[in-house]
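Data block below; observations after.
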Amino acid sequence: VIMFYMHWGDEYELEPNNTQKKIAQFLANEKVDIIFGTHPHSLQPIDILKSSDGTKETAVIYSMGNFLSSQRTERIQNPYTEDGVIVSVKISKNIDKNEIKVKYPTHIPTWVNWYDKDGNLFYEVVPATINNAEYLTEEGKVRVVESFNRTKVIIENYNDKIKLRE
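Counted the way my numbering counts, the sequence shown spans residues 1 to 166.
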């Protein structure tokens, strides 16, 4: 399995730029199996690219967003910096043909919970699928739902084969 971890893209943009797309297609043509992208501090789509000869599919996660960050809406007026994803990619190998196949990735949306306890700030990553957790404030319960909805639009509207991990 060949995986690339790319530090690329424009900060705070929700779509991959042309350079990201060109590099991703180049890597797909070179038979890379999975591309994980970072740097923009916001989520970008997940897609499956075909190699130019049509023999290989490459999973590309253009940007996984912010996994753990203090870039809060209150500080930079951009709610997308509170969102991220954990990506699950299943890989199978046909031993007889010596072929590796990457299945469509699934994702778990994440949100950065930020709270003050005894004068100390705490940051924690929580699944954005949880909106009724006792440890979330009322505002946190609203914001985690908003995060989930933002993630769903960015990820699932780009490629309807990329699903939420069950």
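Virtual Cβ for every residue (Gly too), placed ideally from N, Cα, C.
Residue i versus the options, residue with shortest Cα-Cα distance
i, options, result
"Leu14", "Gly140, Asn157, Lys103, Ser69", "Asn157"
"Lys22", "Ser42, Asp33, Thr81, Tyr62", "Tyr62"
"His107", "Gln44, Lys117, Val87, Phe67", "Val87"
"Lys56", "Tyr123, Ile2, Tyr12", "Ile2"
"Asn204", "Phe4, Asn17, Ile46", "It is not possible to answer for residue 204, since the shown part of the chain is limited to 1 through 166."
"His39", "Ser51, Tyr115, Glu30, Ser69", "Ser69"
"Leu121", "Pro127, Ala128, Asn113", "Asn113"
"Ile155", "Gly65, Ser92, Asp33", "Gly65"
"Lys161", "Trp111, Gly140, Tyr104", "Tyr104"
"Thr110", "Gln71, Asn149, Val125, Glu134", "Val125"
The ligand GTP heavy atom lying under 7 Å from the CB of residue i
i, result
"Ser92", "In the structure shown, the ligand GTP is absent, as is every other ligand, since no ligand is present at all."
Sub-8 Å separation of residue i and residue j beta-carbons
i, j, result
"Leu49", "Gln25", "yes"
"Ser35", "Leu43", "A small fix is needed here, since residue 35 is Ile in this sequence, not Ser. No, these two residues do not count as a Cβ contact at 8 Å."
"Val102", "Val85", "no"
N-terminal and C-terminal residue of the alpha helix (DSSP H) that residue i is part of
i, result
"Asn29", "18 to 29"
Limits of the beta strand (DSSP E) - the one that residue i falls within
i, result
"Lys152", "Note, Lys152: premise wrong, no beta strand (DSSP E); alpha helix (DSSP H) at 138 to 156."
"Val85", "83 to 88"
Cα-Cα separation, residue i to residue j
i, j, result
"Lys163", "Thr58", "16 Å"
"Glu30", "Gly54", "12 Å"
"Glu138", "Val144", "10 Å"
"Tyr80", "Asp96", "45 Å"
"Glu146", "Ser92", "35 Å"
"Thr129", "Asn94", "34 Å"
"Pro16", "His41", "12 Å"
"Lys10", "Ile76", "Checking the sequence shown, residue 10 turns out to be Asp, not Lys. Straight-line Cα distance between these residues: approximately 16 Å."
Coarse secondary structure for residue i, derived from DSSP in three states
i, result
"Pro127", "strand"
"Pro181", "With the chain represented from 1 up to 166, any question about residue 181 goes unanswered, as that position is not in the structure."
"Pro45", "strand"
"Trp8", "coil"
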